[in-house]
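Mapping of the sequence shown onto our numbering: residues 986 to 1291, in sequence order. Idealized CB from N, CA, C, for every residue including glycine. To keep things clear, I will list the structure first and then write my remarks on it.
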Amino acid sequence: MTTHDTHPARTPGRGPRDTELIVAWASLAAFAACTALAVSGLLRSILGNDGKRSVYAWFSPEPYVQLIWVPIFVLAALWLLRQSHEHRKAPKGGTLMGLTVPVLLLIAACLVGIAWQIAWQVESYPTAITLVLVEAVLVGALFFFSRRQGDGWIDWIPFSLWGAWIMVECVVDIARAATYYLSKDGPLSSTGQAVATVVVTALLLALACALRFMNHDWVYGLVTVWSVVGIAFRLMDVSKVTAVLIIILATLAMLLMYVPWSRFSPRLTDLDARAHAPADGTRTHDGPMVIESHAGDDADTDDDDQ
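Take a look at the structure:
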């Protein structure tokens, strides 16, 4: 007697991929929940921190600036949703333990992010700074590998947004730790803090401008400007001069990054063109490559010769 298997055929590699996606979604959800608790102040209470090591650092934004986490997690979820769809269609191969490199990096970034939030809330400054620097490297790698994977906005905007904010968080954490340790020997000079704040702000804005023209990344600059303006508003009651200088720098950076100067400056036109057109003639995420045909011109030339 012949028996028939009524069970549907199993797709090779489906099990590992399902596990991979479950871990990725769980990691992202856990990181989002931990961040929400940290921003609201509940995580500090849960961890029993009495705030004895808290200090007032000049380079620190207003609390509302933390709302940048909302679009970061929304866009990361959209990216992971697309990855989930593509993983189910893609053949197995080119993976590490069934994990594609970008998804593996996302899981690592979320887990490191959770550890960083906890370390920061208990005011373990050396640990927190180490973890946030690792987080910055992971998100930067995410941006690189995801952008190589595709040329759509979803391939790079989530991680440009995330990376820009993590870079600001790195500086904020270092500034607060430096303030804590240096203030043990006595009050810090207001002039020194003002100068340091303005210089660091200028460096962050310069990095954003460089990425705008060299990498054609217009998202990074928006996050940087949003953050430094939040710092300026927080400093209004401490040093209006410093706050105004930061706002001026942010305004100049915005003008440089988002006003179409290429219409007035051939130098910027050439720089922007190089950012758009890779040497191998491939497409970029900004739009299709246009190839001019000279066949018609050659035909006209031949007719004229005849």
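Item                                                                                                                                                           : Value
May I ask you to report which of helix, strand or coil DSSP gives Gly998?                                                                                      : Residue confidence for Gly998 is low, a pLDDT of 46 falling below 50, so the modelled location carries little weight; the figure read from the coordinates is stated next. Coil at Gly998, not helix or strand.
Going by beta carbon distance, what residues of the same chain come within less than 6 Å of Gln1051, once the five residues before and after it are set aside? : Val1024
Express the C-alpha separation of Phe1130 and Pro1087 in angstroms, rounding to a whole number.                                                                : 6 Å
Given this structure, state the Cα-to-Cα distance separating Ile1139 from Thr1176, to the nearest angstrom.                                                    : 43 Å
If Val1157 sits next to Ser1045, beta carbons under 8 Å apart, how far is it from one beta carbon to the other, in whole angstroms?                            : 5 Å
Following the continuous alpha helix (DSSP H) through Pro1143, name the residue where it begins and the one where it ends.                                     : 1142-1167
Kindly indicate which three-state DSSP category Ser1224 falls into: helix, strand or coil?                                                                     : coil
Please list the terminal residues of the continuous alpha helix (DSSP H) segment that includes Leu1190.                                                        : 1175-1199
How big is the Cα-Cα spacing for Ala1264 and Glu1154?                                                                                                          : Because the pLDDT of Ala1264 is 45, which lies under 50, any placement of that residue in the model is unreliable, and the number read from its coordinates should be weighed accordingly. For Ala1264 and Glu1154, the distance between alpha carbons rounds to 35 Å.
Is the number of C-beta pairs between the segment 1191-1198 and the segment 1216-1228 that are closer than 8 Å three or more?                                  : no
Quick one: what does DSSP say Leu1065 is sitting in, helix, strand or coil?                                                                                    : helix
Which one of Met1239, Leu1032, Ala1011 has the shortest CA to CA distance from Ala1094?                                                                        : Ala1011
How about Leu1006 and Ser1069: are their beta carbons less than 8 Å apart?                                                                                     : yes
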